[in-house]
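For the sequence shown, counting from 1, position 41 maps to 41 in the numbering used here; every step adds exactly one. Written out below as structure tokens is the structure these notes cover.
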Amino acid sequence: MKSSLTILFFFLVAFASAQTDEEKLVTTVKEFHQALVNKNTVSINQQTDKALSYGHSNGWVENKTDIIKDLETGYISYQGFKEDSITVAINGNMANVRFVADITATMKATTTTFHLKVLEVWVKKGKRWVLFARQAVKA
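Below is the structure:
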């Protein structure tokens, strides 16, 4: 009886602490945004697909190499990234993530806060999610 209770206890603890795919993806999304703020290009490299298309609200589109280079050179820097109203739709190994964000960035010595609606497309490769595409529009 005692061993049955122990097994049940561990099962319940494991079940209670297990995140859903949606929760794991939201965590990954927020980690990616913080990597942008922290200029953590190693993390950004790991969290993005080699075919990344990263569209800004002004029509500017960057690829993976551009994002990393622009952060490393200081061409653009992010001071804040606050997401709100995150929704996730997973279909197999692909997911759409939509949210509203206030993003503070500096480019060419001008700091601006943007209020944006963002769509990100994530692809699951193995056990981790990588960003495949992103497009933002002014909210």
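Ideal Cβ placement from N, Cα and C applies to all residues, glycine included.
Counted as a single uninterrupted DSSP element, the beta strand (DSSP E) harbouring ALA105 occupies residues 94-107. Look at THR65 here: in three-state DSSP terms it is helix. With a threshold of 16 other beta carbon atoms within 10 Å, VAL97 meets it and is buried.
For ALA51, no pairing in a beta bridge is given by DSSP. Proximity to GLU83 across LYS24, ASP21, GLN34 peaks at GLN34, based on C-alpha coordinates.
Between ALA89 and LEU116, the gap from beta carbon to beta carbon reaches 8 Å or more.
Put simply, the backbone Cα of PHE114 is about 8 Å away from that of ALA101. Per DSSP, the continuous beta strand (DSSP E) segment holding GLN79 begins and ends at 76-91. Between ALA109 and ILE76, the gap from beta carbon to beta carbon reaches 8 Å or more. Less than 8 Å divides the Cβ of TRP122 from the Cβ of LEU25. PHE99 is positioned such that its CB atom lies closer than 8 Å to that of VAL118.
Excluding residues up to 5 positions away in sequence, ASP49, VAL121, VAL123 lie with their Cβ nearer than 6 Å to the Cβ of PHE132 in the same chain.
The DSSP-derived three-state label of GLN19 is coil.
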